[in-house]
Every structure is written in structure tokens, then in C-alpha cells.
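Participant: In this note's numbering, the protein residues as written are 102 to 541. By construction, the Cβ of each residue, glycine as well, lies at the ideal position given by its N, Cα and C atoms. Sharing a structure below in C-alpha cells format, with a few things to ask.
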Amino acid sequence: MTLVVLGDEPLATVTALRRGPTPLDADGLRIVQLARHEIAVAFGGARLRETLEQERSELSAVVDGATDVIVQVNGERRVTRLNPAGEAKLGVAAATLGGRRCDELLGCPAVGNHQGEACPFDEVLASRGAIDYREGTIRGGDGSAIRIAGSYFRAPGEGADIRATGILRDVSAIRALEALREGFVATVSHELRTPLALVRGYAETLLHLELEPAEQREYIERIQQVSGRLTDLVAQILDVTHLDADPLILERAPVSFAALVARLRGDLVLSGEDARLVADLAPDLPPIEVDAGRVGRVLENLVGNAMKYAPAETPVVVGASVGGDWLVATVDDEGIGVPEAERALVAEPFHRAWNVRESRIPGTGLGLYICRRLIEAHGGRLSLGDRPGGPGGTRVTFTLPLLADARRRGGGGSSRREAGGTAEAAEATGAGEREAATRG
Numbered sequence: 102m103t104l105v106v107l108g109d110e111p112l113a114t115v116t117a118l119r120r121g122p123t124p125l126d127a128d129g130l131r132i133v134q135l136a137r138h139e140i141a142v143a144f145g146g147a148r149l150r151e152t153l154e155q156e157r158s159e160l161s162a163v164v165d166g167a168t169d170v171i172v173q174v175n176g177e178r179r180v181t182r183l184n185p186a187g188e189a190k191l192g193v194a195a196a197t198l199g200g201r202r203c204d205e206l207l208g209c210p211a212v213g214n215h216q217g218e219a220c221p222f223d224e225v226l227a228s229r230g231a232i233d234y235r236e237g238t239i240r241g242g243d244g245s246a247i248r249i250a251g252s253y254f255r256a257p258g259e260g261a262d263i264r265a266t267g268i269l270r271d272v273s274a275i276r277a278l279e280a281l282r283e284g285f286v287a288t289v290s291h292e293l294r295t296p297l298a299l300v301r302g303y304a305e306t307l308l309h310l311e312l313e314p315a316e317q318r319e320y321i322e323r324i325q326q327v328s329g330r331l332t333d334l335v336a337q338i339l340d341v342t343h344l345d346a347d348p349l350i351l352e353r354a355p356v357s358f359a360a361l362v363a364r365l366r367g368d369l370v371l372s373g374e375d376a377r378l379v380a381d382l383a384p385d386l387p388p389i390e391v392d393a394g395r396v397g398r399v400l401e402n403l404v405g406n407a408m409k410y411a412p413a414e415t416p417v418v419v420g421a422s423v424g425g426d427w428l429v430a431t432v433d434d435e436g437i438g439v440p441e442a443e444r445a446l447v448a449e450p451f452h453r454a455w456n457v458r459e460s461r462i463p464g465t466g467l468g469l470y471i472c473r474r475l476i477e478a479h480g481g482r483l484s485l486g487d488r489p490g491g492p493g494g495t496r497v498t499f500t501l502p503l504l505a506d507a508r509r510r511g512g513g514g515s516s517r518r519e520a521g522g523t524a525e526a527a528e529a530t531g532a533g534e535r536e537a538a539t540r541g
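In C-alpha cells, the structure reads:
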């Protein structure tokens, strides 16, 4: 009997049976040793295959579970493997690849990838080296361009066994965030620089020149106006910072929308813009259940935008009616309007429509974004369209939830128009303020 050992691990015993009393000769012993060796090799091969299969399964699990796109190609750059994340990102099933080349799968020519550089797969296949990091662009399953950061390497092998693998990470969101940050810095720097220069200029004029009292007052009023612009800018930046906090905390309470409009009209008295604000509210509007401060901010932004981008002599109309469980509010102006192609973009941070940019009217591109986020935080929606009846102008529509009791009862009615500076408007303002005081 002899022991079969693989490394330091005993695996089995080999027993040789003989006939008769004659002991094993040298040939018999060699046969036993050969058998022991073959058994050890067989066991070792089985153990190695088991280990390789386990490692292959673990590697496949890692590749299949990765959130990055993992592509493997052969020496002809034909795709031999694509992980599930790649299938989802590229909109193709791995089983249907059928030997497609990587540039066809990734859409490199269509999106202008590599930008004059050699294909990274070609590089690693030819050089045996690795590319630790290279950015490029691939085509997504929906045809969109996806910015990726890739690392590429070649696996051992020659001839038909040559393989190269690319690990591609979608960095589109990161690059968009970086562009947004750069735009934020540039926009805020510009918006701060101009009013600060004006304030400094007015202050130096007051310090170094002997001015008449009327002239002094004029410069002080200009400083006050410019400082107001700075205050608004800082408020918008703080609003954006708070909106990005998760979750956004709302202090909901029953509120009269008419009272919010009346309060805004009161705030506009100092600037003399109150006469431009026209309320076209349905009578007996039920209360809404909102954060009054934040909805007041929405009204202030929307009405302020409307007045800024419309001729000074034109009205800005705030309307409201009931639609199901929602108050449907509108803000209409007779201004330059928003091009239809840009209406989905102007409510994104820092985006300003081309006609607004050409008008050179100052702004940060944050107002509508803040409004949209605040309305959506209440469960409502905000949209832009043409002012009914035209020509020109914009209508901003947004929805706010009615108080639960009002939703059960239903409400609403025909609308009436109230203009600032009229007896009817004063009566409505007083009624709205009394209603707000009654409801708290």
C-alpha cells in the first residue's frame, strides 16, 4: 500500500494485491509508483479545473455585476463579450452581436470619438501596453452621445487568441456638473462685478465731488437700486443651495392665493410697479395648502421676470382657477417670449434663451429653475407657453394643491380682473389680507 499525496495534502492510498507469497519485484514497484503518480496528476487536474471554474464564475459575476460598460474584442476588433451594463447602455443584446466591430457597436464614427487619436483598442492590441485613462464619446442606445472615461488592456495570447478589454465609465453627468459649475462661477462673477463697480463709482462720486442735495439723493437712490440687485442675486444663490438639500423642508399651511398676490402688489408699491400687476382670479378661490414663503418667492420671481422682459407700459396678469384637486395659476406678459425649442431648457439652472441673451437684459438664469423646483416640491408642475391672444408674450402655468377640505368640497368659478390702482383692486387687496389674517 502506498500513499498518494498532492503537495502536502494526502489524497488516497494505492494498494497492490499479489498472488502467492512472492514479494513485488522492481517492475511491480515501478507500476505501483506510476499508478500513484497518474492518480496524483488526475486529482491535481481535477482540482485545477475546479479552481479555474470557480475563478471563472467569480470573474463572470464581477463583470456581469459591474455598472461600467465592459467590452472585449479580438484581434480584428470584433466584439466577443459585452456585459449587461453595456447591453443596457448601448441598447443591444450580447447574443445578437454577431461579430460586430467595436466601432460599429460603440458608434465611434457617428459621434466623432477619438478626435484624431488612434482607436484605443488598436493601440493596446498592437503595443501590448495598457491605457490607464482616456476620455472619449460613444453612442448610447437612444442615439445620444455619452461621454466616457475608459481604461484598456490586452490579455495574454497570440494569433486567434488575442484579446483586448475596455472598461468604459459614463462621465456625462460629471462633465455636465463641471460645465454647470464653470457656468455658475462665470455668471455669478459677471453679475457681481457690474453692480459692485456701479456702487463703487457712485460712492467715489459722492466722496470726491461737491454735489447738490438733489444730485446726492439721485446717487444714493442708484446705490440703493444696485444693492437691491445684489441682494436678489445672493438670495437666488442661497435658494439654489437650499433646493439642492435633500429633503426640501416645506412648512405647509392653509393659505389664500389672493392674499399672496395682494402681498406681492404691496411689495411692488415702493418701485412703482404695482399698477402693472393685474389679478384675474376666480371668485371664492378655495385655500391652498402650501409653504406661503416659498410660493410667495415663486410669484415674486415669475412676476419679476415678466416685468423685466416686457415693455414698461404693459400689464402682467396673474390668473388663478380651480382644476380638480389643484389651483391652476398663470402669469401672462407681453414681452419677448420664449422660443419653443428652449422652453424645456429655460427652467434648468443658468440657462437663458437666446433672445434673452441677445437683449442684454441682466439675469442669472436661476429664477425659473428655482420656481420649478419649489412648485415640484409641492407636487405641482410648471410649464411655459405662448400668451393666449398674442401676438408675443409668455404664459407661465403652475399648479398648487388645494387644502384637503377644499378638494373634497370642490370649488372655483368664473374669473374677474382686478388692476392695481383701482378701487376694485384696493377692495380685493383688503379682502385678501383679511382672509389671510383669518386663516393664519
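1) Do the CB positions of residue 495 and residue 434 come within less than 8 angstroms of each other?
2) Among all the DSSP beta bridges, which residues are the ones paired with residue 390?
3) Alpha carbon to alpha carbon, what distance is there between residue 162 and residue 155?
4) Please report the distance separating the alpha-carbon of residue 240 from that of residue 470.
5) What are the start and end residues of the beta strand (DSSP E) that includes residue 310?
6) Between which two residues does the alpha helix (DSSP H) containing residue 187 stretch?
7) Evaluate the contact criterion for the region 168-181 versus the region 258-266: three or more CB pairs, one atom per stretch, below 8 angstroms.
8) Determine the direct distance from the alpha carbon of residue 415 to that of residue 468, and round the result to whole angstroms.
9) Take the Cβ of residue 146 as the centre, count every other Cβ of all protein chains shown within 10 Å, and call the residue buried at 16 or more, exposed below.
10) Tell me the DSSP bridge mates of residue 253?
11) Who pairs with residue 503 in a beta bridge, going by DSSP?
12) Residues in its own chain within less than 7 angstroms of residue 516 by CB, not counting five upstream and five downstream?
13) Here's a check: name, in chain order, each residue in its chain whose Cβ is nearer than 8 angstroms to the Cβ of residue 402, leaving out the five neighbours to either side.
14) Looking only at C-alpha atoms, which of 312, 377, 361 sits nearest to residue 501?
15) Can you name, in chain order, every residue of its own chain whose Cβ lies under 6 angstroms from the Cβ of residue 185, other than the five neighbours on each side?
16) Once DSSP output is grouped into helix, strand and coil, what is the label at residue 306?
17) Using three-state DSSP, classify residue 475 as helix, strand or coil.
18) Using the Cβ count rule (16 or more neighbours within 10 Å means buried), how would you classify residue 514?
19) With a 10 Å radius around its C-beta and 16 neighbouring C-beta atoms as the bar for buried, classify residue 378 as buried or exposed.
20) Where residue 231 and residue 280 are concerned, what is the direct C-alpha to C-alpha distance, given to the nearest angstrom?
21) Using only the alpha-carbon positions, how far apart do residue 250 and residue 226 sit?
22) Within a Cβ cutoff of 8 angstroms, which residues of the same chain sit near residue 488, ignoring the five residues on either side of it in sequence?
23) Enumerate in chain order the residues of its own chain whose CB-to-CB distance from residue 233 is below 8 angstroms, with the five nearest sequence positions on each side excluded.
24) Confirm, please, whether the CB-CB distance from residue 269 to residue 542 is below 8 angstroms.
25) Taking residue 381 as part of the alpha helix (DSSP H), name the residues at either end of that continuous run.
26) Please identify the residue among 246, 284, 229 whose C-alpha is closest to the C-alpha of residue 449.
27) Residue 548 and residue 400 look like a contact to me (Cβ under 8 angstroms); what is the Cβ gap, rounded to whole Å?
28) Output yes or no for whether 8 angstroms exceeds the beta carbon distance between residue 386 and residue 479.
29) Can you tell me which of the three DSSP states residue 201 falls into?
30) Can you determine whether any heavy atom of the ligand ZN sits closer than 7 angstroms to the C-beta of residue 344, and answer yes or no?
31) Cα separation between residue 197 and residue 158?
32) Between the Cα of residue 354 and the Cα atoms of 424, 506, 342, which residue gives the shortest distance?
33) Which residues in the same chain have their Cβ closer than 8 angstroms to the Cβ of residue 356, if we skip the five residues on either side of it in sequence?
34) Would you kindly work out how many angstroms separate the C-alpha atoms of residue 476 and residue 484, rounded to a whole number?
35) Among the candidates 222, 320, 337, 375, whose CA atom is the shortest distance from the CA of residue 308?
36) Where do the ends of the beta strand (DSSP E) carrying residue 174 lie?
Facilitator: With the given structure in hand:
1) yes
2) 355
3) 11 angstroms
4) Their Cα atoms are separated by approximately 29 angstroms.
5) Residue 310 -> no beta strand (DSSP E), and no H or E assigned at all.
6) 185-191
7) yes
8) If you take the alpha carbons of residue 468 and residue 415, they lie about 21 angstroms apart.
9) exposed
10) Per the DSSP secondary-structure output, residue 253 pairs in a beta bridge with 232, 267.
11) 389
12) Because the pLDDT at residue 516 is just 44, under 50, the model does not fix this residue reliably, and the point stays unresolved.
13) 468, 469, 471, 472
14) Closest option to residue 501, Cα to Cα, is 361.
15) If we look at residue 185 and ignore the five residues flanking it on each side, its Cβ neighbours are 165.
16) helix
17) helix
18) Per-residue confidence for residue 514 stands at a pLDDT of 49, beneath the threshold of 50, marking its modelled position as unreliable; no derived number is given.
19) buried
20) C-alpha separation (whole angstroms): 29 angstroms.
21) 19 angstroms
22) 433, 434, 435, 438, 494, 495, 496
23) 252
24) This structure cannot settle anything about residue 542, because the visible part of the chain is limited to 102 through 541.
25) From DSSP, residue 381 is part of no alpha helix (DSSP H) but of the beta strand (DSSP E) over 378-382.
26) The shortest C-alpha separation from residue 449 is found at 284.
27) The chain is shown only over 102 to 541; residue 548 falls outside these bounds and no answer can be derived.
28) In this structure, residue 479 does not lie closer than 8 angstroms to residue 386 by Cβ.
29) coil
30) With respect to small molecules bound, the structure shown includes none, and the ligand ZN cannot be examined in it.
31) Between residue 197 and residue 158, the C-alpha separation is close to 23 angstroms.
32) Checking every option, the nearest Cα to that of residue 354 belongs to 506.
33) Short of 8 angstroms from the beta carbon of residue 356, and not among the five residues preceding or following it, lie these beta carbons of its own chain, in chain order: 388, 389, 390, 391, 393, 396, 537, 540.
34) 11 angstroms
35) 320
36) 170-175
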